[in-house]
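See structure below.
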Amino acid sequence: MPSSPSGERGMVTAELAVCLPVLVLVLAVAVSAVSVAGARVRVQDAAREAARAAARGDPGQADRLAKHAAPGVAVDITTRGDEVVAVARLTVHPLARWLPALTVTERAVAAVEPSAASP
1 MPSSPSGERG MVTAELAVCL PVLVLVLAVA VSAVSVAGAR VRVQDAAREA
51 ARAAARGDPG QADRLAKHAA PGVAVDITTR GDEVVAVARL TVHPLARWLP
101 ALTVTERAVA AVEPSAASP
């Protein structure tokens with residue numbers, strides 16, 4: 001059995017030492033992306049629930065439903081004519097608190113219901 005030349009001895013270890021941190025970084029970015037995508041879905045749900053509740057004429061319920069859909073979310077509700085617009089914002093830390101935070105913002109629009117428009 002021929003032995004490998006002495007110049008190639010330990011190359012697998014060196015390649016692993018270089019590639020392993022890159023693989024860990026790629027995995028961290030993937031986990032971060034999934035975390036942000038999940039937060040975006042929750043914030044969209046919060047905006048939609050808030051808009052629907054405000055369109056029914058219950059802004060207090062809108063805030064409660066939004067916070068239930070996405071804990072920690074901030075919701076701004078405005079009425080434009082016959083529409084209610086809810087903008088929900090949530091700050092997320094994808095991997096760790098000491099890394100930069102991202103703010104996820106979503107918007108939902110609902111038509112004011114006739115029973116809510118008239119007193």
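Take the sequence shown: its letter number 80 is residue 80 in the numbering used here, and every next letter is one higher.
Backbone N, C-alpha and C define an ideal beta-carbon position, used for all residues, glycine too.
Report task. For D76, write down the residues that DSSP places opposite it in a beta bridge. Result -> For D76, which the question treats as bridged, DSSP gives the partners V87.
Query raised in the report: In terms of alpha-carbon separation, which member of L99, V36 and R56 lies closest to S115?
Result: Nearest of L99, V36 and R56 to S115, Cα basis: R56.
**Report entry** Contact the segment 47-55 vs the segment 81-91: 3+ CB pairs below 8 Å
**Finding:** Counting Cβ pairs under 8 Å, three or more are found: they touch.
Query raised in the report: Which first and last residues belong to the alpha helix (DSSP H) in which L95 is found?
Result: Taken as a continuous stretch (DSSP letters only), L95 belongs to no alpha helix (DSSP H), as it is neither H nor E.
Query raised in the report: By Cβ distance, which residues of its chain are closer than 6 Å to D76, with the 5 residues on each side in sequence left out?
Result: Once the five neighbours on either side are set aside, the close Cβ partners of D76 are V87.
Query raised in the report: Run through DSSP, which three-state label would R9 get?
Result: The answer is coil: DSSP assigns R9 none of H, G, I, E or B.
Query raised in the report: What is the rounded straight-line gap between the Cα of A69 and the Cα of A108?
Result: The straight-line gap from Cα to Cα measures roughly 14 Å.
Requested in this report: From the DSSP output, read off the bridge partner residues of L102.
Outcome: Per DSSP, the beta bridge partners of L102 are V92.
Query - Residues that A111 bridges to, as DSSP identifies them - result: According to DSSP, A111 bridges with E83.
Query - Coil, strand or helix - A55 by DSSP - result: When secondary structure is reduced to three states using DSSP, A55 falls in the helix class.
Query raised in the report: Any idea if A47 is buried or exposed, counting beta-carbon neighbours within 10 angstroms, 16 or more meaning buried?
Result: Counting the other Cβ atoms within 10 Å of the Cβ of A47 gives 16 or more, which makes it buried.
Query raised in the report: What did DSSP end up calling A47 once you bin it into helix, strand or coil?
Result: Here DSSP, grouped into helix, strand and coil, assigns A47 to helix.
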